[in-house]
Structure formats: C-alpha cells, structure tokens
Amino acid sequence: MSAARIDRDIARNAMGQPHESMRALGDSYRDLLGYLPPRVESRLLVTGALDPELVRLQEEVRAHAMNPKCFDTKTAQLMIFGMLVVELSDAAVIHGIAARRAGATWEEMQAVVSMAYIFRGVSAANRGAEMLARIAEREAAGGQ
1 MSAARIDRDI
11 ARNAMGQPHE
21 SMRALGDSYR
31 DLLGYLPPRV
41 ESRLLVTGAL
51 DPELVRLQEE
61 VRAHAMNPKC
71 FDTKTAQLMI
81 FGMLVVELSD
91 AAVIHGIAAR
101 RAGATWEEMQ
111 AVVSMAYIFR
121 GVSAANRGAE
131 MLARIAEREA
141 AGGQ
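Note that full-length UniProt numbering numbers the sequence shown so that position 124 is 124, with each residue one more than the last.
Below, the structure written as structure tokens:
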C-alpha cells in the first residue's frame, strides 16, 4: 500500500541538499502520522533541494485546506479518508492513520467506508475494508 523509499543519498548527490526548512515540514507529517510517507519524503528531498519555495507554498496551502478552523483534526481526516476511498487511492491509508491517531474509532472508519460504498460501489467497500485491516496491522506492529 505504500510507496518504496527513494535512495536519499542518490537524490542528494544528484539534486543537492534540501533546504533546512524541509526538516520542520517533515516533522509536521511525523506529528500527524507518526512517520514520514515515502512520497512526501521524496518531494521534500528532491523539490526541497531544487525549488524549496515551491514546497513551502505547497505546504502552506495544504495546511490551510486540511486544517480548517471549523473542523477538528479527526473530522477533517475522516472526510479526507472518505474522499480518497471513493477515489480508490492508496493515500486513503495515510489519512486513515491520521484519523485513528486523532481519535477515530473503527466504527467511525467503517461508517466512512460504508458511505464511500454508496457512491463508488463494491470496489470502495472491498478496498476500504482492506485499508482498515492494513491500518490495524500497522497499529499492531507499533505504528511503523
């Protein structure tokens, strides 16, 4: 379900050292998820070396859109999880992890998968159930 990590040394040798601000951005993902997703790490390493201002702008927009004042973190992450389940996106797992870390119950997670089923069908029900099982496996293994 997750992407393979890139070789950090090869990326640094080819693109240069990422701007120092990328460390704090990576930490924001670690705080939310308990880890840094491989694709995000790639963007922080590669684009963070070649165009750190773009990464800063991307992250500013992301933080603004994903953390509206009218929703708590759990609600926002449950909604994002559902949107991504409907899309059958593997990224749903990442937001499912964030929702669980923010206090979402398995019942709430299943309710979101069930809502996705209405609009995407059995594919979303199957994929969503698999995602919930993968999240449970990750939690059982200590979150990493």
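Note that beta-carbon positions come from the ideal geometry of N, C-alpha and C, so glycine has one too.
Is it true that the region 84 to 92 meets the region 47 to 61, where meeting means three or more beta-carbon pairs spaced less than 8 Å apart? Contact between the region 84 to 92 and the region 47 to 61 is absent, because fewer than three Cβ pairs lie under 8 Å.
Helix, strand or coil at D72 [DSSP, three-state]: Under the three-state reduction of DSSP, D72 is assigned to coil, being neither helix nor strand.
Decide if the region 6 to 26 is in contact with the region 36 to 51; the criterion is three or more beta carbon pairs, one per stretch, under 8 Å apart. Touching, yes, given that three or more Cβ pairs across the two stretches are closer than 8 Å.
Span separating the alpha-carbon of G121 from that of M79: Going by the C-alpha atoms only, they are around 18 Å apart.
Which of the three DSSP states, helix, strand or coil, is assigned to Q110? DSSP places Q110 in helix when its eight states are reduced to three.
In three-state DSSP terms, what is T47? Residue state, collapsed to three classes: helix.
Taking R138 as the reference, give the member of S123, R101, E108 and S114 with the closest Cα. Sorting S123, R101, E108 and S114 by C-alpha distance to the C-alpha of R138 places R101 at the top.
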